[in-house]
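Undergrad:
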Amino acid sequence: MLRCASDGHKLGWFVWRVSTIKATSELCASPGATGVPLGRSYSGGTGIPPGALRDVDGGGALGGGSATAYVPPSAGGVGGAQQRDSPLRRAIGSFFRVFLPVSGIAVWTYAFMYPDKDPLVGDRYPPELQYLASQQTPNSDAITNWSGTHEATPRRYFHPESEEEVETFLRIAGIRNETLRPAGSALSPNGLALSGEGVLALGGMDRVLAVDKSKMQVTVESGCRVQQVVDALAPHGLALQNYASIREQQIGGITQVGAHGTGPRIPPVDEQVVAMRLSTPGLGTLELSSAEEPELFRLARVGLGSLGVMTQATLRVVPREPLIERTFTASHSELRKNHVKWLQQNKHIKYLYIPYTDTVVVVHVNPPSSSEELEQARVAADNSVRAPEDRTEALRRLYASVTAAISPSAVAAASPAPPADPGSGLTAPQLRDALLAAGPGPLDPKWVAAVNAAEADYWRRSAGVRVGFSDELLSFDCGGQQWVLEVAFPVTSSLDDLKPGTRTRDLEFLEALMAEIKKARLPAPSPIEVRWTSGSSSPLSPAAGAPESLHCWVGIIMYLPQDPELREKVTQAFQEYTRLMETKLMPRFNATWHWAKLEAASRPEAELEAVVRPRLAARFGPALAALRRYRAVLDPKGTLSNKWLDAVVGPVPKENQQAQGAK
10 MLRCASDGHK LGWFVWRVST IKATSELCAS PGATGVPLGR SYSGGTGIPP GALRDVDGGG
70 ALGGGSATAY VPPSAGGVGG AQQRDSPLRR AIGSFFRVFL PVSGIAVWTY AFMYPDKDPL
130 VGDRYPPELQ YLASQQTPNS DAITNWSGTH EATPRRYFHP ESEEEVETFL RIAGIRNETL
190 RPAGSALSPN GLALSGEGVL ALGGMDRVLA VDKSKMQVTV ESGCRVQQVV DALAPHGLAL
250 QNYASIREQQ IGGITQVGAH GTGPRIPPVD EQVVAMRLST PGLGTLELSS AEEPELFRLA
310 RVGLGSLGVM TQATLRVVPR EPLIERTFTA SHSELRKNHV KWLQQNKHIK YLYIPYTDTV
370 VVVHVNPPSS SEELEQARVA ADNSVRAPED RTEALRRLYA SVTAAISPSA VAAASPAPPA
430 DPGSGLTAPQ LRDALLAAGP GPLDPKWVAA VNAAEADYWR RSAGVRVGFS DELLSFDCGG
490 QQWVLEVAFP VTSSLDDLKP GTRTRDLEFL EALMAEIKKA RLPAPSPIEV RWTSGSSSPL
550 SPAAGAPESL HCWVGIIMYL PQDPELREKV TQAFQEYTRL METKLMPRFN ATWHWAKLEA
610 ASRPEAELEA VVRPRLAARF GPALAALRRY RAVLDPKGTL SNKWLDAVVG PVPKENQQAQ
670 GAK
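Going by this note's numbering, the first residue of the sequence shown is number 10, and it counts up by one from there.
#1: Give me whichever residues DSSP pairs with His373 in a beta bridge.
#2: Would you say Leu292 and Val642 are within 8 Å of each other, going by their C-beta atoms?
#3: Once the 5 residues before and after Ala182 are set aside, which same chain residues still bring their CB inside 6 Å of it?
#4: With DSSP as the reference, label Ser34 as helix, strand or coil.
#5: Starting from Glu296, trace the beta strand (DSSP E) both ways and give me its first and last residue.
#6: Shortest alpha-carbon distance to Glu608 belongs to which of Glu495, Asn599, Glu172 and Leu531?
#7: Exposed or buried, Gly510, counting other C-beta atoms within 10 Å across all chains shown (16 or more means buried)?
#8: For the alpha helix (DSSP H) containing Tyr365, name the first residue and the last one.
#9: With distances taken between CB atoms, is the gap from Val266 to Leu249 smaller than 8 Å?
#10: Please give me, in chain order, every unbroken run of the alpha helix (DSSP H) with length at least 4 that falls completely inside the stretch 441-524.
#11: Quick one: residues in its chain with C-beta nearer than 7 Å to the C-beta of Gln491, no 5 flanking neighbours on either side, listed in chain order?
#12: I need the DSSP call for Trp604, collapsed to helix, strand or coil.
#13: Can you list, in chain order, the residues of its chain whose CB lies under 7 Å from that of Val500, leaving out five sequence neighbours each side?
#14: Measuring straight from C-alpha to C-alpha, what distance separates Glu302 and Val349?
#15: Give me, in chain order, the residues of the same chain whose beta-carbon lies closer than 8 Å to that of Leu444; leave out the 5 immediate sequence neighbours on both sides.
#16: How would you call Met742, buried or exposed, if buried means at least 16 neighbouring beta carbons within 10 angstroms?
#17: Just how far apart, CA to CA, sit Phe121 and Ala115?
#18: Bridge partners of Ala552, per DSSP?
#19: Looking only at its chain, what residues have a beta carbon closer than 6 Å to the beta carbon of Thr338, apart from the 5 residues adjacent to it on each side?
#20: Report the rounded CA-to-CA distance for Asp240 versus Glu481, giving the unit in angstroms.
#21: For a test of the three-state rule: what should DSSP assign to Val311, helix, strand or coil?
#22: I'd like to check one pair, Val283 with Arg325: are the Cβ atoms closer than 8 Å?
#23: Ala5: buried (16+ other C-beta within 10 angstroms of its C-beta) or exposed?
#24: Between the Cα of Leu141 and those of Phe167, Thr592 and Ser484, spot the shortest distance and give me the residue it belongs to.
#25: Leaving out five residues on either side along the sequence, give the residues of the same chain with a beta carbon under 8 Å from the beta carbon of Ser484.
#26: Consider the C-beta atom of Asp572 and the heavy atoms of the ligand COA; say whether any pair is separated by less than 7 Å.
#27: Would Leu196 and His159 be called neighbours here (beta carbons separated by less than 8 Å)?
#28: Could you check whether Ile260 and Val474 sit closer than 8 Å to each other, using their CB atoms as the reference points?
#29: Apply the 10 Å Cβ neighbour rule to Leu218 and answer buried if 16 or more other Cβ atoms are within range, or exposed otherwise.
#30: Rounded to the nearest angstrom, what separates Lys646 and Leu594 at their Cα positions?
#31: Can Tyr362 and Leu519 be called in contact, C-beta distance under 8 Å?
#32: Starting from Met595, follow the beta strand (DSSP E) in both directions and report where the run begins and ends.
#33: Where Phe629 and Asp399 are concerned, what is the direct C-alpha to C-alpha distance, given to the nearest angstrom?
#34: Under the DSSP definition of a beta bridge, which residues are partnered with Pro328?
#35: Helix, strand or coil, according to DSSP, for Ala656 in the structure here?
#36: Which class does Ala161 belong to by DSSP, given the choice of helix, strand or coil?
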């Protein structure tokens, strides 16, 4: 690719050319244009026959008449010679002969001593050329989601860096009747943003555009990662209202799929969006807010990337303040006794159920009520810290026993002598993954129960206090590659209406789930993560409801080993686990899937018709109908489609595509 080393080089080249042209023009303006220095008089020995050229008006001096031509000295008279020998003219000529070459050399010297890196031809082709290049040479880079469960190699793989580029890519794709699926960090467990046709990766649009402390708002591009927003808000004493488990999520992604954190009185992340810009294939870029197209705005906040590409979002933020986290374990009976009280009294709360044990991990996170409480919590945090080796003792002991049992000859033959504790230095999630892959394996219910019991011991030893900010305390180590399913369901229309000690729908769901796991003898590892949010005004949010309503989110998991054969068997076991949730629990509690955890693209059509679509219709019937109506206008050709979207929402009707193609 053609490049210029620096802007200085460009300027040097320009000045050098100017000096050359200037000098040449001055020489050409001199009598005879023979290259003789300015200010010289000419004699008849110039090589031009006397009288060959005449001034048309008979003037004798060059430049003295209305039109000029060269006149030999014999015809010019004394006045012409005097004008040609003017001191001012000689001075100007001498100046330019010296100044211009020197200035050119100076600029070239400066350019090489202090070069910049700006190319004469940019590193990026315009979108039109990128699209053309993709037709000639399709992309060969694969995209794999964070869970390691889905992969795609899109033929067209673009990385726009501005809203204008997004618009251009969508326009060209629409003209060519091709698809471009918007994608974020590819973190969704079900790969709902992946496509083998076309992907528009938004990671290059990651700027924080404005922080308005007076309005308590921040405006960002949709490719901005959560951690980037956190870092930009911290100097202003601000923070996001809530967080999901992972900081690498992009703002566009977590809002479009209705992601959430935890807090019985805090809504999912989409409710933090107060305005957005949406680039659509059908109508270009739209400004949306509660004042501008409010119905479409609420629908598009959790739009599944089906209505357009979110290019910007303005989020509501809150003051950044220290929080106190308290972690402890409780039995099922203790949980039932205190559950309502804990929900009503804590800002953030979550449970980690451990199957085949009577242990539930309870985590409360709250702002301090006073500076004294904060200081006491800091002292308690320092005193409650236990050495990692102490906390993971049961896990390491189980790992040491199974390691020796698996390969005693290898242990005996090792040189130098193997360490007495092969699990030393491993974290609890690492030990759990290693244990599940060892021994009888991850599909043996008794072995999984033994691993769960060791993990329950780890959590009992990890009870204590931490102090930090929300972005430090509300994240969660999700472990390695995995299959996950998360569902949400309404608990009550008002949290404050619950009475302490009463039986609630969320605990009923969890008790039924634990009973079904035991009955089916499923190898269910830890944890089953349980969180709560208030309602969202976005019609397609899994927690859609009134602001005071309470919704529960329950997630199950199985970890994937590296061995391909065993990996496939774990996948089949998780499908059985999923069927249990979908057939025996979800209809009973009116639950629906977290959009990023609904496996749809790979399901048989019969299963989609029998299980998925009826359940979605029961929860989102009117909202899905509205989505399809808007989609017919905003994306009439299905430019933003992929297999997952077609399976869940349905493909764009062919008559729509034909009508658009005829226009």
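Ideal Cβ positions, reconstructed from N, Cα and C, are used throughout, including at glycine.
TA: Well, looking at it:
#1: Position 364 of the sequence shown holds residue 373. BP columns for His373 point to Arg335 and Ile358.
#2: Walking along the sequence shown from the start, residue 292 turns up at place 283. Walking along the sequence shown from the start, residue 642 turns up at place 633. Against a cut-off of 8 Å, the Cβ pair of Val642 and Leu292 comes out as a contact.
#3: Residue mapping note: residue 182 aligns to position 173 of the sequence shown, counting from 1. Within the same chain, Ala182 has close Cβ partners Leu189 and Thr648.
#4: Here the question's residue 34 lines up with position 25 in the sequence shown. Only weak support exists for where Ser34 lies, its pLDDT of 42 falling under 50; the coordinates are left without a value.
#5: One-based indexing of the sequence shown puts residue 296 at position 287. Element bounds for Glu296: Gly293 to Ser298.
#6: Within the sequence shown, numbered from 1, the residue matching residue 608 stands at position 599. Residue Glu495 is the option with its Cα nearest to Glu608.
#7: Within the sequence shown, the letter at position 501 stands for residue 510. Its Cβ having fewer than 16 others within 10 Å, Gly510 is exposed.
#8: As a position in the sequence shown, residue 365 is number 356, starting the count at 1. Run containing Tyr365: none; DSSP gives neither H nor E here.
#9: Here the question's residue 266 lines up with position 257 in the sequence shown. Here the question's residue 249 lines up with position 240 in the sequence shown. Not a contact, by the Cβ cut-off of 8 Å.
#10: 454-470 and 479-482
#11: Here residue 491 refers to the residue found at position 482 of the sequence shown. These residues qualify, in order along the chain: Ser156, Ile566, Met567, Tyr568 and Leu569.
#12: Within the sequence shown, residue 604 is the residue found at index 595, counting from 1. Correct three-state label for Trp604: helix.
#13: Numbered from 1 along the sequence shown, position 491 holds the residue referred to as residue 500. Same-chain partners within the cutoff: Thr513, Arg514, Asp515, Leu559, His560 and Cys561.
#14: Locating residue 302 in the sequence shown gives position 293, counting from the first residue. Locating residue 349 in the sequence shown gives position 340, counting from the first residue. Spanning the two alpha carbons is a distance of roughly 39 Å.
#15: For this step, residue 444 is matched to residue 435 along the sequence shown. Leu404, Leu407, Tyr408, Val411, Val460 and Ala463.
#16: The question about residue 742 has no answer here: the residues shown for the chain are numbered 10 through 672.
#17: Residue 121 sits at position 112 when you count from the first residue of the sequence shown. Residue 115 sits at position 106 when you count from the first residue of the sequence shown. Phe121 and Ala115: Cα-Cα distance of roughly 10 Å.
#18: Position 543 of the sequence shown, counted from the first residue, corresponds to residue 552. For Ala552, which the question treats as bridged, DSSP gives no partner whatsoever.
#19: In the sequence shown, residue 338 corresponds to position 329, counting from 1. Same-chain partners within the cutoff: Thr368, Val370, Trp468 and Arg469.
#20: Counting from one through the sequence shown, the residue named residue 240 turns up at place 231. Counting from one through the sequence shown, the residue named residue 481 turns up at place 472. Taking the straight line joining both Cα atoms gives about 12 Å.
#21: Translated into the one-based positions of the sequence shown, residue 311 becomes position 302. Reduced to three states, the DSSP call for Val311 is coil.
#22: One-based indexing of the sequence shown puts residue 325 at position 316. One-based indexing of the sequence shown puts residue 283 at position 274. A contact, by the Cβ cut-off of 8 Å.
#23: Summary: the structure shown does not reach residue 5, with the chain confined to residues 10 through 672, and so no result is reported for it.
#24: Within the sequence shown, residue 141 is the residue found at index 132, counting from 1. Residue Phe167 is the option with its Cα nearest to Leu141.
#25: Position 475 of the sequence shown, counted from the first residue, corresponds to residue 484. Tyr252, Ser254, Ile255 and Arg256.
#26: As far as ligands go, the structure on display features none, and thus does not contain the ligand COA.
#27: On the sequence shown, position 187 is the one that residue 196 refers to. On the sequence shown, position 150 is the one that residue 159 refers to. No, they are not a contact pair.
#28: Along the sequence shown, read from residue 1 onward, the residue named residue 474 stands at position 465. Along the sequence shown, read from residue 1 onward, the residue named residue 260 stands at position 251. No, they are not a contact pair.
#29: Along the sequence shown, one-based indexing puts residue 218 at 209. Counting Cβ neighbours within 10 Å, Leu218 comes out exposed, since fewer than 16 surround it.
#30: For the purposes of this step, residue 646 is taken as residue 637 along the sequence shown, with counting starting at 1. For the purposes of this step, residue 594 is taken as residue 585 along the sequence shown, with counting starting at 1. About 37 Å.
#31: For the purposes of this step, residue 362 is taken as residue 353 along the sequence shown, with counting starting at 1. For the purposes of this step, residue 519 is taken as residue 510 along the sequence shown, with counting starting at 1. For Tyr362 and Leu519, yes; Cβs fall inside 8 Å.
#32: The count along the sequence shown starts at 1 and reaches residue 595 at position 586. It is not in any beta strand (DSSP E) - Met595 instead sits in the alpha helix (DSSP H) that spans Met595 to Phe598.
#33: Taking the first residue of the sequence shown as position 1, residue 629 is located at position 620. Taking the first residue of the sequence shown as position 1, residue 399 is located at position 390. Cα to Cα, Phe629 sits roughly 49 Å from Asp399.
#34: On the sequence shown, residue 328 is found 319 positions in, with the first residue counted as 1. Paired residue(s): Leu247.
#35: Taking the first residue of the sequence shown as position 1, residue 656 is located at position 647. It is helical.
#36: Here residue 161 refers to the residue found at position 152 when the sequence shown is read from its first residue. Strand at Ala161.
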